[in-house]
Structures are given as C-alpha cells and as structure tokens.
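K.L.:
This is the structure I want to talk about, given as structure tokens.
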Amino acid sequence: MIVLDIYGKIDKTLISKNLKLYIANLPDDWREGIRDDIFEEIRKINFSRQEQLLKNGKILTSEFDYELAKKIVQLNVKDFDSYQLETLEDCVECLLDNMIFIEFDYEYDDMPFFDWTTNCFDGRLCEEDYSEKIIKFFNFLNHERHTHAHFNIVYSSNETYFSIIPRITTVLSMSVKSQ
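Residues 2 to 180 in my numbering are what the sequence shown lists, from first letter to last.
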C-alpha cells in the first residue's frame with residue numbers, strides 16, 4: 002500500500018478488476034499506524050534538533066510544528082475550513098482524513114500465482130511493492146508534461162522505499178517549502 006501526495010474525500014474505487022487495484026481514503030487500521038509514525042518522526046526531529054544545538058551550537062533541521070502542519074493542510078486539503086485546526090494533532094487528523102492510497106486487494110483465491118507463501122506479486126520478499134511500480138510508471142509516462150514527479154509517495158508499507166528519515170513529514174513538508 003502506498004499513500005499518495007493527493008488529498009480529498011474518495012470512496013473506495015476499483016481501478017482495475019484484473020489487477021484488483023483500488024484507490025480510497027485510508028482505512029481505519031492504517032490511519033492509526035500512520036498517525037503513530039508521524040508523531041514518532043516529529044519526536045525524532047525534535048531530538049535531532051536538540052542534538053544539533055549541543056554539537057554544533059546551532060540547529061540545522063527545520064521543525065515540523067503546528068504552523069508548518071497548518072500550512073500543509075491549507076495548501077493540500079480543499080475543504081480545510083470544515084476542520085478545527087487549533088493544534089498540531091488537529092492538523093495531522095485532517096491530513097489523515099484526506100489522505101488517498103492505492104493498493105492491490107487480493108483474496109487468497111484471487112492470487113495470480115500459487116498462494117500467499119510463494120507469490121512475489123503482493124509481497125516484499127522478491128522486489129519492491131507493485132503499487133510503487135505503478136506510480137513510477139505513471140510518472141514516467143507523464144515526464145514530458147511535468148517538470149517534477151506528478152505523484153509523490155507520502156507513505157509506503159514497504160519500509161525500504163524511503164532512504165531518508167523522517168520520511169512522512171519530509172514529503173509532507175516539500176509542498177510548503179517548494180512554494
């Protein structure tokens with residue numbers, strides 16, 4: 002599963018019946034995990050900033066705070082006025098409410114090759130997530146129309162996708178910093 006840098010409300014929609022590829026807002030079970038990851042990243046950023054101050058006498062890393070989160074919401078969420086954005090937590094909840102993800106949703110009987118234990122199609126055992134491959138393919142097809150990637154991946158269930166940590170807050174911050 003990957004979360005795209007696209008925000009809004011969307012019903013779960015089947016993109017491809019053959020691929021069992023869906024697009025939707027985050028399911029509740031993933032929301033909690035991504036929320037925890039975001040706040041863990043914020044704690045790491047704050048710790049890193051304190052460490053930089055002690056080592057270098059100055060802070061080199063930007064803070065992911067309420068003001069930045071509010072700008073991210075205002076820039077990306079169309080109906081942000083309908084949310085109460087008084088705290089960092091409120092802003093994160095608004096983003097989570099509007100995050101859009103894509104995934105392959107297979108039942109055991111739908112698996113294209115063998116079964117869950119031997120299939121590389123939907124697992125991380127053999128290569129990267131196929132959802133990521135599809136996004137990279139879309140970006141490749143649109144490379145002449147866009148000066149930068151059309152789709153950014155905010156979160157991936159494939160832990161090795163991002164080499165930079167903190168990954169979610171960094172990608173979220175890019176839209177504000179590029180303005």
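Note that beta-carbon positions come from the ideal geometry of N, C-alpha and C, so glycine has one too.
For T171, which three-state DSSP category applies?
P.N.:
Numbered from 1 along the sequence shown, position 170 holds the residue referred to as residue 171. T171 falls in the helix class under three-state DSSP.
K.L.:
Between Y156 and I3, how many whole angstroms is the CB-CB distance? I'm expecting something under 8 Å.
P.N.:
As a first step, residue 156 must be located in the sequence shown, where it is residue number 155. As a first step, residue 3 must be located in the sequence shown, where it is residue number 2. Yes, they are in contact, since the Cβ atoms of Y156 and I3 sit about 7 Å apart, within 8 Å.
K.L.:
Would you list the one or two residues that DSSP bridges to T88?
P.N.:
Your numbering for residue 88 matches position 87 in the sequence shown. Beta-bridge pairing links T88 to no other residue.
K.L.:
Measuring only the C-alpha atoms, how far is L173 from E52?
P.N.:
Here the question's residue 173 lines up with position 172 in the sequence shown. Here the question's residue 52 lines up with position 51 in the sequence shown. When rounded, the distance between both Cα atoms is 23 Å.
K.L.:
As a quick exercise: from R50, D66, L22 and F65, pick the residue whose alpha carbon is nearest that of E59.
P.N.:
Working through the sequence shown from its first residue, we reach residue 59 at position 58. For the record, residue 59 in the displayed sequence is Lys; it is not Glu. Here the closest residue by C-alpha is R50.
K.L.:
Cβ atoms of Y23 and K10: under 8 Å apart, would you say?
P.N.:
As a working mapping, residue 10 is identified with position 9 in the sequence shown. As a working mapping, residue 23 is identified with position 22 in the sequence shown. Against a cut-off of 8 Å, the Cβ pair of Y23 and K10 comes out as no contact.
K.L.:
Thinking C-alpha only, which one of S17, I135, D98 and S158 is nearest D29?
P.N.:
The residue labelled residue 29 in the question sits at position 28 within the sequence shown. Per the Cα distances, D98.
K.L.:
Would you kindly check if the distance between the Cβ of L20 and the Cβ of F102 is under 8 Å?
P.N.:
By 1-based counting over the sequence shown, the position of residue 102 is 101. By 1-based counting over the sequence shown, the position of residue 20 is 19. Not closer than 8 Å, so no.
K.L.:
Who are the Cβ neighbours of L61 in its own chain at under 7 Å, not counting the five residues just before and after it?
P.N.:
Position 60 of the sequence shown holds residue 61. Answer for L61: Q53, listed in chain order.
K.L.:
Specify the secondary structure class of L20 as computed by DSSP and reduced to three states.
P.N.:
For the purposes of this step, residue 20 is identified with residue 19 of the sequence shown, where counting begins at 1. DSSP places L20 in coil when its eight states are reduced to three.
K.L.:
Between L126 and the rest of its own chain, which residues show a CB-CB distance below 8 Å, the 5 nearest in sequence each way excluded?
P.N.:
In the sequence shown, counting from the first residue as 1, residue 126 sits at position 125. Confidence at L126 is low in this model, with a pLDDT of 48, below 50, so its placement is unreliable and the value that follows should be read with caution. Cβ neighbours of L126 beyond the five flanking positions: none.
K.L.:
Compare the beta carbon distance of M100 and N153 with 8 Å and say whether it is the shorter of the two.
P.N.:
Taking the first residue of the sequence shown as position 1, residue 100 is located at position 99. Taking the first residue of the sequence shown as position 1, residue 153 is located at position 152. The answer is no: Cβ separation not under 8 Å.
K.L.:
Distance check for I43 and V78, CA to CA, integer angstroms please.
P.N.:
Position 77 of the sequence shown, counting from 1, holds the residue named residue 78. Position 42 of the sequence shown, counting from 1, holds the residue named residue 43. One C-alpha to the other measures close to 21 Å.
K.L.:
How many angstroms separate the CA atom of V93 from the CA atom of R36?
P.N.:
One-based indexing of the sequence shown puts residue 93 at position 92. One-based indexing of the sequence shown puts residue 36 at position 35. Rounded to whole angstroms, V93 to R36 spans 7 Å at the Cα level.
K.L.:
Rounded to whole angstroms, what's the CA-CA distance from L89 to I7? Just pull it up for me.
P.N.:
In the sequence shown, counting from the first residue as 1, residue 89 sits at position 88. In the sequence shown, counting from the first residue as 1, residue 7 sits at position 6. Looking at the two C-alpha atoms, the distance is approximately 20 Å.
K.L.:
Whose CA, out of F48, I39 and W31, lies closest to the CA of T170?
P.N.:
Locating residue 170 in the sequence shown gives position 169, where the first residue counts as 1. Closest option to T170, Cα to Cα, is I39.
K.L.:
Can you have a look at K71 and say buried or exposed, based on whether 16 or more other CB atoms are within 10 angstroms of its CB?
P.N.:
Numbered from 1 along the sequence shown, position 70 holds the residue referred to as residue 71. Buried, by the Cβ-count rule.
K.L.:
Which residues in the same chain as I73 place their Cβ atom closer than 6 Å to its Cβ, once the five residues preceding and following it in sequence are excluded?
P.N.:
Residue 73 sits at position 72 when you count from the first residue of the sequence shown. L173 and V177.
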